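Peer 1: Input: one structure, supplied below.
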Amino acid sequence: MRGSCFSYHLYQMNLSSSFFQLESEVHLLAQRSGTFINSLIAASTIGGQQLCSSFTFRCPCQAGKNFYYGSAFLVIPALILLVAGYALRSQMWTMTSEYCCRCGPPQRRISPLERKLACLRFFSITGRALVAPLTWLAVTLLTGTYYECAASEFASVDHDPVFHNISTSKWKEVLAGFPCGKSVPSDMILVRDEVGLLHRYQSQMLGWIVITLAAIAALVSRCVARCCSPLTSLQHYYWANHLHNERELFEQAAEQHSRLLIMQRIKKLFGFIPGEEDVRHIRIPSCQDWRDISAPSLLCMGTIKLLQSQYTRP
0 MRGSCFSYHL YQMNLSSSFF QLESEVHLLA QRSGTFINSL IAASTIGGQQ
50 LCSSFTFRCP CQAGKNFYYG SAFLVIPALI LLVAGYALRS QMWTMTSEYC
100 CRCGPPQRRI SPLERKLACL RFFSITGRAL VAPLTWLAVT LLTGTYYECA
150 ASEFASVDHD PVFHNISTSK WKEVLAGFPC GKSVPSDMIL VRDEVGLLHR
200 YQSQMLGWIV ITLAAIAALV SRCVARCCSP LTSLQHYYWA NHLHNERELF
250 EQAAEQHSRL LIMQRIKKLF GFIPGEEDVR HIRIPSCQDW RDISAPSLLC
300 MGTIKLLQSQ YTRP
């Protein structure tokens, strides 16, 4: 019986160790592999586009509305994904506060090497941010649904004798109804099929052009960035690891330091901290105590004193 229990506990330990190792490998892969992250972003964008096409997009099939509706579904999500790609990058906000913000007090002097490295980081962030919008554009153009709706009113059918005896307003109304498969006269069915085939051809060609240009731009920008970089390949690898470790260790140390500091301030304010068994030295905070604990007395003490001296100077 003891042997079976021991075997069961050993099995549980091995299983937990395997799960922990797998989780560590996935976490390391997600942090270090840009290809993995870009592939995950692209796959998520493709899934979102398919859901949007299936459940949200409904072409109005009305003259004067198809172009704006189809163009909005083609361009606006790409712009939203681009803005989100920048906004969700913590490195973007770090660069903004360190290198771009000049509304605050004077900071340290930035060397030319740091500026070049900051430019490389910005290009890297831009490349990551462009993955989702370019994927959206490529997939929607290859599908052709949005483009077919937007371009339906502008189809060139002058050569077809069916439209010679139709007014311009009626002409556009008939063309706008082609994407919805509305019932059309028997003599226009062939024209509708030709127009739909032409629009899908144009949309797919534009999609492949977007993919080709994106691949060429990614290759050229990567080559130019490496050629213009002040760092060698090994130095660049070391620098990337340095930034990652600096961020990780700083967050851990800041979390621990802030926890210890606030525990001291809370104990000074109330006389005890949560979890203590001895709460005999409880005290009632005064108004000055509340002001002291709420004041930002820890951060940027040198800057605050400098500003105070400037404002109090006659």
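Position 250 (the sequence shown) corresponds to 249 in numbering that gives the first Met the number 0; numbering is contiguous.
Don't be surprised by glycine CBs; every beta carbon is placed ideally from N, CA and C.
Note that this is a predicted model, so its numbers are computed, not measured.
Would you mind giving the Cβ-Cβ distance between ALA137 and ILE210, rounded to the nearest angstrom? I have them listed as a contact below 8 Å.
Peer 2: By 1-based counting over the sequence shown, the position of residue 137 is 138. By 1-based counting over the sequence shown, the position of residue 210 is 211. Confirmed, about 5 Å.
Peer 1: Return the first residue and the last residue of the alpha helix (DSSP H) that CYS222 is part of.
Peer 2: On the sequence shown, residue 222 is found 223 positions in, with the first residue counted as 1. Unbroken alpha helix (DSSP H) run through CYS222: 188-227.
Peer 1: Pick helix, strand or coil for LYS266, following the three-state DSSP scheme.
Peer 2: Numbered from its first residue, the sequence shown carries residue 266 at position 267. Helix at LYS266.
Peer 1: Since ALA128 contacts GLY84 with CB under 8 Å, what's their CB separation in whole angstroms?
Peer 2: Along the sequence shown, read from residue 1 onward, the residue named residue 128 stands at position 129. Along the sequence shown, read from residue 1 onward, the residue named residue 84 stands at position 85. Confirmed, Cβ separation roughly 3 Å.
Peer 1: Taking just the CA atoms, how far does PRO132 sit from PHE54?
Peer 2: The count along the sequence shown starts at 1 and reaches residue 54 at position 55. The count along the sequence shown starts at 1 and reaches residue 132 at position 133. Taking the straight line from one Cα to the other gives about 20 Å.
Peer 1: Are the Cβ atoms of GLN201 and TYR145 separated by less than 8 Å?
Peer 2: Here residue 201 is taken as the residue at index 202 of the sequence shown, counted from 1. Here residue 145 is taken as the residue at index 146 of the sequence shown, counted from 1. Cβ atoms of GLN201 and TYR145: not closer than 8 Å.
Peer 1: Can you check the region 44-120 for any alpha helix (DSSP H) of at least 4 residues that lies completely inside it and give the ranges in chain order?
Peer 2: Listed in chain order, they are 65-86, 89-94.
Peer 1: For a test of the three-state rule: what should DSSP assign to PHE249, helix, strand or coil?
Peer 2: For the purposes of this step, residue 249 is taken as the residue at position 250 of the sequence shown. Residue state, collapsed to three classes: helix.
Peer 1: Whether or not the region 243-250 and the region 261-273 are in contact is what I'm after, with contact meaning three or more pairs of Cβ atoms, one per stretch, closer than 8 Å; do they touch?
Peer 2: Counting Cβ pairs under 8 Å, fewer than three are found: no touch.
Peer 1: Tell me whether the region 74-84 and the region 189-203 touch, counting them as touching only if at least three CB pairs, one residue from each stretch, are closer than 8 Å.
Peer 2: Contact fails: fewer than three Cβ-Cβ distances are below 8 Å.
Peer 1: Quick check on the DSSP output: the alpha helix (DSSP H) that includes LEU136 runs from which residue to which?
Peer 2: For the purposes of this step, residue 136 is taken as residue 137 along the sequence shown, with counting starting at 1. That run of the alpha helix (DSSP H) goes 130-142.
Peer 1: Residues in the same chain with beta-carbon distance under 7 Å from THR139, minus the five sequence neighbours each way, listed in chain order, please.
Peer 2: Taking the sequence shown and counting its residues from 1, one reaches residue 139 at position 140. Correct list, in chain order: GLN48, LEU73, TYR145.
Peer 1: Give the single residue among TYR67, ALA62, THR142 whose Cα lies nearest to the Cα of GLN203.
Peer 2: On the sequence shown, residue 203 is found 204 positions in, with the first residue counted as 1. The shortest Cα separation from GLN203 among TYR67, ALA62, THR142 belongs to THR142.
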